[in-house]
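So the mapping is simple: full-length UniProt numbering equals the position in the sequence shown, first residue as 1, plus 438. Don't be surprised by glycine CBs; every beta carbon is placed ideally from N, CA and C. Some notes on the structure that comes next.
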Amino acid sequence: TQQQGEAGYTFYSSEMNKRAKEHLRIESELRRALAGGQLLLHYQPKVSLRSGRIVGAEALIRWRHPERGMIPPGVFIPVAEETGLILDIGTWVLEEACRQIRDWKDAGLDAPPIAVNLSSRQFDRNLPHRVQEALEAYRLSPDRLKLEITETLLVRGPDQVIPIMNELVAMGLALALDDFGTGYSSLAYLKKFPINTLKIDRSFVIGLPTEENDCAIAQAIVTMGQQLRQEIVAEGVETVEQMRFLRNLGCDQLQGYLFSPPVAAAAFEQMVREGKRL
Ligand code: C2E
Ligand code: CA
Ligand code: CA
Ligand code: CA
């Protein structure tokens, strides 16, 4: 009826209003967080399924809010993407990862390459220059850094994206395709891009080894990656059964709570020093 419709509309618009306000609040607080040192990186190890050793790590951003505690990226990265703040945050992440790698080097730690997540919005002509600057500022060789990109970037089309990717690869950086399988990239399409690592999305790992569809998808991704000579990393691995299944498929690396959640830099350093193994 009319009344219900009106009530529904009122409710809807006040909900929208609330969300818009929440958005604005996060945006202005995030600006302050970036300037005020409230952002930090955690590190999640990637382990080789062959040797069981730590062979890399992914840097994941965290926001330590003075009143509301640790805020996960799922809450603020989307807002940062919408407002464009992700550009400054992304530059900070690159810098901070490089600073940390230098710090570890100076402390005599043989740290593995660190992968940094890139928003599609960061992927422009200036990106290679920004990466170069961060590497130079901390006197790092480019093979210390990896870049994780998503399929949303690939849908822009090869002509826009490949020249920038080629520049990064020529500099000596490795590119990983994150959350693989959630987008629409086909084998034929994928091979156009100079990508050397595929990360199997957690949504396909969850159902292993019992869900037939997930098993088939994981198998297909590994087979395809091997044909393209790409390294395959499975993300979100939580159980021994998942690990065994992935190892049998020929998957190269695993990342997930089974080995370690993302941890603070000091805790990651500790794991590397101890030579923690799967
Ligand atoms: P992602 O790149 O797919 O990162 C993997 C996410 O899975 C991380 O969530 C990680 O903590 C979580 N994870 C890892 N292993 C497991 C597991 O075994 N089980 C479960 N349930 N989860 C696991 P996190 O840290 O909350 O990050 C969420 C997303 O935020 C990331 O997804 C990435 O898209 C984005 N993000 C994080 N840091 C950055 C950053 O520095 N820049 C950009 N642009 N995005 C970032
Ligand atoms: Ca990632
Ligand atoms: Ca991922
Ligand atoms: Ca994911």
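One or two residues paired with residue i in a DSSP bridge
i      : result
Arg502 : Met508
Leu477 : Trp501
Lys484 : Gly494
Ile464 : BP columns for Ile464 are empty, so no partner.
Leu636 : Leu615 and Ile670
Arg715 : Arg491
Distance between residue j and residue i (C-alpha atoms, nearest Å)
i      : j      : result
Gln440 : Met454 : Summary for Gln440: the model assigns pLDDT 45, below 50, so the residue's position carries little reliability; its value from the coordinates is reported in the next sentence. So the alpha carbons of these two residues sit roughly 21 Å apart.
Leu585 : Ala614 : 6 Å
Gly528 : Ser557 : 7 Å
Trp501 : Arg470 : 11 Å
Glu649 : Val593 : 29 Å
Leu606 : Pro504 : 37 Å
Pro566 : Thr588 : 17 Å
Lys714 : Arg491 : 7 Å
Pro516 : Gly522 : 10 Å
Leu477 : Lys543 : 22 Å
Ala495 : Leu692 : 10 Å
Lys459 : Pro511 : 19 Å
Leu684 : Ser624 : 21 Å
Glu533 : Tyr622 : 32 Å
Arg563 : Pro601 : 9 Å
Lys484 : Gly694 : 8 Å
Leu687 : Arg488 : 12 Å
Arg682 : Ile638 : 15 Å
Gly474 : Glu467 : 10 Å
Ala704 : Thr635 : 27 Å
Leu583 : Gln680 : 28 Å
Asp548 : Lys456 : 48 Å
Gly546 : Ala626 : 44 Å
Ser698 : Ser451 : 43 Å
Near ligand 1: residue i beta-carbon under 7 Å from a heavy atom
i      : result
Tyr481 : no
Ala495 : no
Asp617 : yes
Leu498 : yes
Gln668 : no
Pro511 : yes
Gln693 : yes
Gly645 : no
Arg640 : yes
Val675 : yes
Val531 : yes
Gly528 : yes
Asp515 : Contrary to the premise, residue 515 reads as Ile rather than Asp in this sequence. Indeed, a heavy atom of ligand 1 lies less than 7 Å from the Cβ.
Pro551 : no
Closer than 7 Å: residue i CB and nearest ligand 2 heavy atom
i           : result
Asn555      : yes
residue 717 : The requested residue 717 is not part of the displayed model; the chain covers only 439 to 716.
Presumed contact (8 Å Cβ cut-off) between residue i and residue j, rounded CB distance
i      : j      : result
Val493 : Pro550 : 5 Å
Ala497 : Ala553 : 7 Å
Ile655 : Gly619 : 6 Å
Cys653 : Ile670 : Not quite, the Cβ-Cβ distance comes to about 15 Å (not below 8 Å), so this is no contact.
Ile539 : Tyr576 : 7 Å
Phe561 : Val599 : 7 Å
Leu578 : Cys536 : 6 Å
Gly674 : Arg711 : Actually they do not touch by this definition, with Cβ atoms about 26 Å apart.
Distance cut-off 7 Å: residue i Cβ against heavy atoms of ligand 6
i      : result
Ile524 : Questions concerning ligand 6 fall outside what the structure shown contains, since the ligands it does hold are ligand 1, ligand 2, ligand 3 and ligand 4.
Cβ of residue i within 8 Å of any chain C Cβ
i      : result
Glu467 : Among the protein chains of the structure shown there is no chain C, as only one such chain exists.
Review point. In chain order, which continuous runs of the alpha helix (DSSP H) of length 4 or greater are located wholly inside the segment 581–626?
Key: 589–592 and 596–609
Review point. In chain order, which beta strand (DSSP E) runs of at least 3 residues are fully inside the segment 538–567?
Key: 552–555
**Study point:** Ordered list of alpha helix (DSSP H) runs contained in the segment 658–704, each at least 4 residues
**Key:** 678–687
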